[in-house]
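Data first, discussion second: the structure below is written as structure tokens.
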Amino acid sequence: MSLELPIYMDYNATTPVDPRVLEAMLPYFTEHYGNAASHSHSFGWKAEAAVDAAREEVAGIINAETPAREIVFTSGATESNNLAILGLAEMYGQAGGHIITCQTEHRAVLDPCEVLAKRGFEITFLQPDEFGMLTVEQVAEAITDRTILVTIMAANNETGVLHPIAEIGQVVRQARQARPADKQNLFFHTDATQAIGKLPVDIQEMGIDLLSLSAHKVYGPKGVGALYVRRRGPRVRLSPRIHGGGHEHGMRSGTLNTPGIVGLGAACRIAREEMAGESARLAALRDRLEEEILRAIPYVRRNGHPTERLANTANLAFGFVEGEGLMLKMRDIAVSSGSACTSADLGPSFVLSAMGVSDMLSHGSIRFSLGRFSHAGDIDFAVEKIVTAVAELREISPLYDDVLKNGDDGTIEWTKPAGQ
Ligand SMILES: *Cc1c(COP(=O)(O)O)cnc(C)c1O
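Right, dumping it as structure tokens:
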């Protein structure tokens, strides 16, 4: 296969729309453009039927029981997380209510939690271990009589690390059932945006009551997502964030984005069919990328868990270089750095910091995330570029010069320089 530049290795940030998804969407822009809420003519019926079919696909990929009632379409995972967390807090909580989350969650979970903290809720931000993982015991110990919500992501976007979701779901369920019948207001939400399409997620087996997902992380379009809201055992009720018309069982008003929803449905269908093969293929490519880099470059370290992580993600810390500088040197490769590059601040990644990664290492960290259109040629090209770029940057680094003369301080488990 010929190499097309630049090479995209940032699939955890967003994915291209799969051509098959686009094809499924197109008729719903110009031909079947009815409003899914128009019940008096065939234009509306056609749109509604397409939305219903997409609901089945979304429900199918997480094993939801009643698609028509449990899948709420939103504008993406950010909105789904906000609806889940704020909607639940407003429905069940009052000041003093308690929510458990993790320090390495996406901002779309952390920020709504911060908002609730300002309103008098108590929020526990659990700290993961050095691999970025929580234990189920940490969650169990944090649950109190006042806890209304545990929200823990299935897979981390920066490191790919997987939390023990099924075990956490079980602990939450047990804690709920231990309460008196009229006080069973304790639910489990997971932001599964990075897990969907990459590994099997089953809301029944995992005891998940609320689940967020997003189309553009699974080869669907941007601006559409869904929230799964459990209807039975237990029934979860949410106070809406958006009012006006009562669409989506009153949980999310607004005319449905039919083409986007059709795209999300098609993306889920393809993901379900191809996930197993795709994950195995990506794991092999990711391992090749990681092994080649670790073999060729001294003073590199993996961030995250060696095995309990997504098949497509590698997060590597390059000692004695700046991630931003490294990215500039390899412009042909689209990756993300361990610096939080929001416009105002270029601080270290809070995800890596929470795992105990030093600021210096964090600034030298790069996330490589592969996907459906990655192939072996990309990996080999990228490895070559990275090896050269790191060598060039270290050449002019006074810090590295120092290490060459005196050795490093031995506090970090690096790959070893040749001959050691
Ligand atoms: C991308 C992402 C989000 C945000 O999703 P949008 O659809 O872009 O709002 C939330 N959580 C995780 C883990 C993500 O990776």
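According to the numbering used here, the sequence shown holds residues 608 to 1027 in order.
All C-beta atoms in this analysis are idealised placements derived from N, C-alpha and C, irrespective of residue type, glycine included.
The model shown is predicted, which means the values in this text are computed figures rather than measured ones.
Could you pull the DSSP bridge partners for residue i from this structure?
i	result
Ala833	Phe680, Leu820
Phe732	Thr708
Thr754	His705
Ile1049	In this structure the chain extends from 608 to 1027, so residue 1049 is not present and cannot be described.
Asp798	Ser819
Leu845	BP columns for Leu845 are empty, so no partner.
Leu769	Ala762
Arg786	None, per the DSSP bridge assignment.
Tyr615	Ala941
Pro955	Ser946
Val907	Phe925
Arg839	Bridge partners of Arg839: none, in fact.
Arg916	Val768
On the CB-based measure, 16 or more other CB atoms within 10 Å of its CB, does residue i come out buried or exposed?
i	result
Thr949	Residue placement at Thr949 cannot be trusted, given a pLDDT of 48 that sits under 50; what the coordinates show is reported in the next sentence. Label assigned to Thr949: exposed.
Ile707	buried
Gly853	exposed
Pro1024	exposed
His796	buried
Gly884	exposed
Lys1012	exposed
Gln784	exposed
Glu630	exposed
Ser647	exposed
Counting only beta-carbon separations shorter than 8 Å, does residue i have a partner in chain D?
i	result
Ser972	No chain D appears in the structure shown, which is made up of a single protein chain.
Nearest to residue i by CA position, among the options, is which residue?
i	options	result
Leu892	Glu931, Lys805, Asp987	Asp987
Pro735	Thr621, Thr995, Gln745, Glu729	Gln745
Leu793	Gly700, Ile1019, Leu612	Gly700
Ile624	Leu896, Leu871, Arg895, Ala666	Checking the displayed sequence, the identity of residue 624 turns out to be Val instead of Ile. For Val624, the nearest C-alpha among the options comes from Leu871.
Trp652	Thr865, Asn619, Arg783, Met760	Thr865
Val958	His713, Val658, Ile614, Val679	His713
Val596	Val679, Ile1019, Met813	With the chain covering 608 to 1027 only, the question about residue 596 has no answer from this structure.
Gln791	Ala773, Trp1021, Arg780, Gly861	Arg780
Ser972	Pro787, Leu901, Arg909	Arg909
Thr621	Arg844, Ser821, Ala660, Thr637	Ser821
Leu717	Thr685, Asp789, Pro847	Thr685
Asp965	Cys875, Arg974, Gly954	The sequence given here places Ser at residue 965; Asp does not occur at that position. Ser965 has its Cα closest to that of Gly954, out of Cys875, Arg974, Gly954.
Gly930	Trp1021, Ile900, Val997	Val997
Phe680	Ile810, Glu697, Val658, Met698	Val658
Met962	Leu977, Ser976, Gly945	Gly945
Val990	His982, Met967, Val831, Ala903	Ala903
Asp789	Asp752, Lys824, Ala761	Asp752
Ala675	Gly683, Ala702, Tyr826, Ala661	Ala661
Below 8 Å, can you find three or more Cβ-Cβ pairs linking the region 904 to 915 to the region 739 to 750? yes
Do the region 834 to 843 and the region 631 to 647 touch if we need at least three Cβ pairs shorter than 8 Å? no
Flag this pair as touching only if the region 1002 to 1014 and the region 870 to 889 have three or more C-beta atom pairs under 8 Å; answer yes or no. no
Indicate whether the contact test is met: 3 or more Cβ pairs, each with one atom in the region 767 to 776 and one in the region 721 to 732, closer than 8 Å. no
Cβ contact check for the region 812 to 822 and the region 771 to 786: 3 or more pairs under 8 Å: yes
Three Cβ pairs or more, each shorter than 8 Å: is that satisfied between the region 867 to 885 and the region 921 to 932? no
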